[in-house]
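Student: Residue 15 is where the sequence shown starts when you use this note's numbering, and the numbers rise one by one after that.
Shown below is the structure under consideration.
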Amino acid sequence: MNNLRKGTALALGLMMAWSPLPVLAKSKGAAPAAKKAAPEKKAAAGGGVILDNFDRIDWASAKDAGSELKLSQAQGKNGSALKISYLMGTGKWVAINKSFSIPSFRGKAISFWMKGKGAANNLEIKLVDEDDTNYGVKRPSLTTDGDWAQVTFTEADFSYWWGGDQSLGAVKDLYIAVAAAGDGGSGEVLISDLRLVAANPAGALAKDGLVADGSSLESWTLAKGEGANATLFSGAGLKGKAVGVQYSIPANQWVAIRKTINADLSAGNAALVLRIKGEGDPNNVEVKVVDRDESTFGKVFPGMGASNAWQEVRIPLSNMEYLWGGDNRLDATLIRHLDIAISGPGGEGKILINDIRVQK
15 MNNLRKGTAL
25 ALGLMMAWSP
35 LPVLAKSKGA
45 APAAKKAAPE
55 KKAAAGGGVI
65 LDNFDRIDWA
75 SAKDAGSELK
85 LSQAQGKNGS
95 ALKISYLMGT
105 GKWVAINKSF
115 SIPSFRGKAI
125 SFWMKGKGAA
135 NNLEIKLVDE
145 DDTNYGVKRP
155 SLTTDGDWAQ
165 VTFTEADFSY
175 WWGGDQSLGA
185 VKDLYIAVAA
195 AGDGGSGEVL
205 ISDLRLVAAN
215 PAGALAKDGL
225 VADGSSLESW
235 TLAKGEGANA
245 TLFSGAGLKG
255 KAVGVQYSIP
265 ANQWVAIRKT
275 INADLSAGNA
285 ALVLRIKGEG
295 DPNNVEVKVV
305 DRDESTFGKV
315 FPGMGASNAW
325 QEVRIPLSNM
335 EYLWGGDNRL
345 DATLIRHLDI
355 AISGPGGEGK
365 ILINDIRVQK
């Protein structure tokens, strides 16, 4: 079981944190980062400080061999926007970067408006500090419907990628990359109203502790083990909608879904409460949380994949078992992710998850 669980963690880690940008830094064909004085930050009427209103294009750019990239100015959500037009070709990424001075990113967030069209590729944001420690975040599936969407990445969303001392200090450079998902294709991404704002300490939790009610699949990501297949779908819940996973797994393999929480659950004896229904072969359902330093704790429910009835599950964080990663202590001051996995003897089926909450 440990090997299975570690495989789940490794694949989720690769899915969420893999980035082609180390190639950018070392590629002979990549343009060196522009070494300009960091721009003065301006107080913003809408909150936080403006990092860039894109009144001018002064970002450096780089691209993988076989890719094409063009920067231009366009109409933004409010004011101007930077338009990144790309053709992946045989390459895997295109990127832009600019120098900024952010003395401390603790308790902060990067916020901007974004829209795109064309291929559904991945967006990556990377922060680099004075000793070249690289922290990054990956957002799967860029918007492709042409509508503006506000995107906010907090300190908790970023994780260590490489370089330096693994601790993010004063930020000197910000990178924005489009990384190929599948064949890559072509498209464009518009970025408008880039700001540094205060992070919300409640993270993704609603005031009533709601994590997810099943009404949307947008914030869930999917990973799978060798030979496994899985798809996310929206199904009927005990009340309202439910997040569903249709799966097929070989023996001793797995599939997993992840939702980022980024919340402080240290007050009281916090517990996860959710409703689960399994249909199909008697595989196990694993419910796990991942903290600040990637310590993973969880609880396994044997055979729940064949329950054929809705069950309410309540798991106090204090009752979760250490599984792997980090320092084997659960730091509830920052719970980064909720993972739900299906593992065990193998076979086919589906699970439905409805009304996930934190109770204190």
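C-beta: ideal position from N, C-alpha, C; glycine also.
Assuming I71 is part of the beta strand (DSSP E), what are its boundary residues?
Tutor: Note, I71: premise wrong, no beta strand (DSSP E); not H, not E.
Student: Please state whether DSSP places N111 in a helix, a strand or coil.
Tutor: Here N111 sits in strand by DSSP.
Student: Pull the bridge partners of V192 from the DSSP assignment, please.
Tutor: DSSP output for V192 lists V108, L137 as bridge partner(s).
Student: Tell me the DSSP bridge mates of R328?
Tutor: Bridge partners of R328: V287.
Student: With 16 other CB atoms within 10 Å as the buried threshold, where does I356 fall?
Tutor: The residue in question, I356, is buried, as its Cβ has 16 or more Cβ neighbours within 10 Å.
Student: Under 8 Å: do the region 198-206 and the region 82-98 share three or more Cβ pairs, one atom per stretch?
Tutor: Yes, they touch.
Student: If the criterion is Cβ atoms closer than 8 Å, does the pair G199 and G132 meet it?
Tutor: Taking 8 Å as the Cβ cut-off, G199 and G132 qualify as a contacting pair.
Student: By Cβ distance below 8 Å, which residues in the same chain neighbour L219 in space, the five residues on each side in sequence not counted?
Tutor: Result list for L219: V225, I275, A277, V372, in chain order.
Student: According to DSSP, is A270 part of a helix, a strand, or is it coil?
Tutor: It is a strand residue.
Student: Consider the Cβ of W234: report whether some Cβ of chain E lies at a distance smaller than 8 Å.
Tutor: Included in the structure is just one protein chain, with no chain E present.
Student: Identify whether A88 lies in helix, strand or coil by the three-state DSSP scheme.
Tutor: A88: strand per DSSP, three-state reduction.
Student: Name, in chain order, the residues that DSSP records as bridge partners for D78.
Tutor: Partner(s): none; D78 has no beta bridge.
Student: Determine the direct distance from the alpha carbon of R272 to that of I349, and round the result to whole angstroms.
Tutor: Each residue's Cα considered, the two are about 13 Å apart.
Student: Given a cut-off of 8 Å on the beta-carbon distance, is the pair G319 and I354 in contact?
Tutor: Going by C-beta atoms, G319 is not nearer than 8 Å to I354.
Student: Per DSSP, which residues does N148 bridge with? Please list them.
Tutor: Answer is V142, W176.
Student: By the 10 Å Cβ neighbour count, where 16 or more other Cβ atoms means buried, how is S375 classified, buried or exposed?
Tutor: No answer is possible for residue 375: the residues shown for the chain start at 15 and end at 374.
Student: Where does G312 sit, in a helix, a strand or coil, going by DSSP?
Tutor: The answer is strand: DSSP assigns G312 an E or B state.
Student: On the DSSP bridge list, what partners appear for R153?
Tutor: Answer by DSSP bridge pairing, in chain order: L137.
Student: Considering only residues of the same chain and omitting the five flanking positions on each side of V375, which have a CB-CB separation below 8 Å?
Tutor: Beyond the ends of the chain as shown, which are 15 and 374, falls residue 375; an answer cannot be given.
Student: Alpha carbon to alpha carbon, how far is N333 from G363?
Tutor: C-alpha separation (whole angstroms): 28 Å.
Student: Tell me, please, which residues DSSP counts as bridged to S125.
Tutor: Looking at the DSSP assignment, S125 forms a beta bridge with T166, R209.
Student: Can you round the beta-carbon distance between D146 and D369 to whole angstroms, since I take them to be within the 8 Å contact cut?
Tutor: That pair is no contact at about 44 Å.
Student: What span of residues does the beta strand (DSSP E) with K255 cover, start to end?
Tutor: Here the beta strand (DSSP E) through K255 covers 255-263.
Student: So E335 is in the beta strand (DSSP E); what residue range does that whole segment cover?
Tutor: Run containing E335: 335-338, per the beta strand (DSSP E) assignment.
Student: Quick check on DSSP: helix, strand or coil for A320?
Tutor: Note: A320 maps to helix in three-state DSSP.
Student: Out of curiosity, what's the CA-to-CA distance linking S229 and K255?
Tutor: For S229 and K255, the distance between alpha carbons rounds to 5 Å.
Student: So who's on the other strand from N368, going by DSSP bridges?
Tutor: In DSSP, N368 forms a bridge with R289.
Student: Along the beta strand (DSSP E) that carries A242, what are the first and last residues, could you check?
Tutor: Premise fails: A242 is in no beta strand (DSSP E) and is neither H nor E.
Student: Distance, Cα to Cα, R209 vs L101?
Tutor: If I take the Cα positions, the gap works out to 28 Å.
Student: Where does the unbroken beta strand (DSSP E) through A226 begin, and where does it stop?
Tutor: Unbroken beta strand (DSSP E) run through A226: 224-226.
Student: Less than 8 Å between the CB atoms is what I'm expecting for I329 and V301, so what's the real figure, rounded?
Tutor: Indeed they touch by this definition, with Cβ atoms about 6 Å apart.
Student: The beta strand (DSSP E) spanning S233 covers which residue range?
Tutor: That residue, S233, is in no beta strand (DSSP E); it is neither H nor E in DSSP.
Student: So L331 and A285 are in contact, right, with Cβ under 8 Å, and what is the actual spacing, rounded?
Tutor: Yes, they are in contact, since the Cβ atoms of L331 and A285 sit about 7 Å apart, within 8 Å.
Student: Would you say S248 and A184 are within 8 Å of each other, going by their C-beta atoms?
Tutor: Against a cut-off of 8 Å, the Cβ pair of A184 and S248 comes out as no contact.
Student: For a quick check, are the C-beta atoms of V211 and G62 less than 8 Å apart?
Tutor: The answer is yes: Cβ separation under 8 Å.
Student: Ordered along the chain, which non-local residues of its own chain (more than five positions away) have a Cβ less than 6 Å from that of N243?
Tutor: Within the same chain, N243 has close Cβ partners S262.
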